[in-house]
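Single-structure report; data block below.
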Amino acid sequence: MADSAIAGLILAGGQGRRVNEADKGLLPWRGKPLVAHVAQRLAPQVGRLIISANRNAEAYAAFGQVVGDDARLGAWQGPLAGLAAGLAACAEEWLVCVPCDTPLIPQDLAARLTQAALARGAPLAVASCQGRRHAVCMALRPALLDDLRAYLDAGERKVAWWQDRAGAVDVAFDDAPQAFLNLNTAEDFAFAQG
Numbered sequence: 001m002a003d004s005a006i007a008g009l010i011l012a013g014g015q016g017r018r019v020n021e022a023d024k025g026l027l028p029w030r031g032k033p034l035v036a037h038v039a040q041r042l043a044p045q046v047g048r049l050i051i052s053a054n055r056n057a058e059a060y061a062a063f064g065q066v067v068g069d070d071a072r073l074g075a076w077q078g079p080l081a082g083l084a085a086g087l088a089a090c091a092e093e094w095l096v097c098v099p100c101d102t103p104l105i106p107q108d109l110a111a112r113l114t115q116a117a118l119a120r121g122a123p124l125a126v127a128s129c130q131g132r133r134h135a136v137c138m139a140l141r142p143a144l145l146d147d148l149r150a151y152l153d154a155g156e157r158k159v160a161w162w163q164d165r166a167g168a169v170d171v172a173f174d175d176a177p178q179a180f181l182n183l184n185t186a187e188d189f190a191f192a193q194g
């Protein structure tokens, strides 16, 4: 069920280096753009969608409000730059972030992450599965924006380091290992078509 206290952010601002510089979110998978699969899974869980994209904004606008990375950081600064842009656009209590190349995210991702963060008094919760953290699948409070900007301004880009510094808690999704299927390469796309 959609929660108006939560905004969803889909990170689609990468260079696509492992897919010949293609805009990965717009690559076809099972008959529609990859981002459409992610949006279809995330939209019912949140009040609205925000898309972090650094090109093809018109195409991404079909799925939500498009935001680009902060120009002062420079081009292609990684997922935390997209997260900062999403946090800046978020007026809700929570922002749930997912990458555009994880089309099978759990249909209860937003609820489980935010509920775990609330239960543990944490400002940030990160999905993990079978002992592996899926760092860009997270729920966080927009109040973390200033800390994230300071981290980025210091030249830091490592997602897990910032999450740990911000007080992240891990939330196990061991019941859904396939939910974090990540399509990074042309081979991944071909393997996962079935």
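Per UniProt numbering, the sequence shown starts with residue 1, numbered consecutively.
Where is the CB? At the ideal position from N, CA and C, for every residue including glycine.
Asked, Found
"Using alpha carbons as the reference points, say which of 54, 151 and 175 lies closest to residue 166.", "151"
"Can the beta-carbon of residue 120 be found less than 8 Å from the beta-carbon of residue 169?", "yes"
"For residue 132, count neighbouring Cβ atoms within 10 angstroms of its own Cβ and tell me buried if that reaches 16, exposed if not.", "exposed"
"What number of angstroms, rounded off, separates the C-alpha of residue 65 from the C-alpha of residue 42?", "14 Å"
"Beta carbon of residue 9, beta carbon of residue 100: below 8 Å?", "no"
"Which residue wins for smallest C-alpha separation from residue 83, given the options 102, 73, 94 and 52?", "52"
"Just confirm the distance between the C-beta atoms of residue 49 and residue 39, as a whole number of angstroms; I'd bet it's less than 8 Å.", "6 Å"
"At the level of alpha carbons, what is the spacing between residue 2 and residue 63?", "16 Å"
"Measuring straight from C-alpha to C-alpha, what distance separates residue 16 and residue 124?", "In this prediction, residue 16 has a pLDDT of 47, which is less than 50 and means its spatial position is unreliable; nothing more can be read from the coordinates."
"Starting from the C-beta of residue 81, find all residues in its chain whose C-beta is less than 7 Å away, skip the five residues before and the five after it, and write them out in chain order.", "69, 70, 73 and 152"
"What three-state label does DSSP hand residue 106 in the structure shown?", "coil"
"Taking buried to mean at least 16 other C-beta atoms within 10 Å of its own C-beta, is residue 155 buried or exposed?", "exposed"
"In or out: residue 160 buried (at least 16 other Cβ within 10 Å) or exposed?", "exposed"
"Mind checking residue 178: buried by the 16 CB within 10 Å criterion, or exposed?", "exposed"
"Measuring only the C-alpha atoms, how far is residue 85 from residue 26?", "20 Å"
"Span of the beta strand (DSSP E) holding residue 65?", "65–67"
"Can you name the residues that DSSP bridges to residue 29?", "32"
"Applying the criterion that 16 or more other CB atoms from any shown protein chain within 10 Å of the CB defines a buried residue, is residue 106 buried or exposed?", "buried"
"Check each candidate in 115, 108 and 91 and name the one with the smallest Cα separation from residue 180.", "108"
"With a threshold of 16 other CB atoms inside 10 Å of the CB of residue 174, please say whether the residue is buried or exposed.", "exposed"
"Let me know if residue 58 comes out buried or exposed under the rule of 16 or more other beta-carbons within 10 Å of its beta-carbon.", "exposed"
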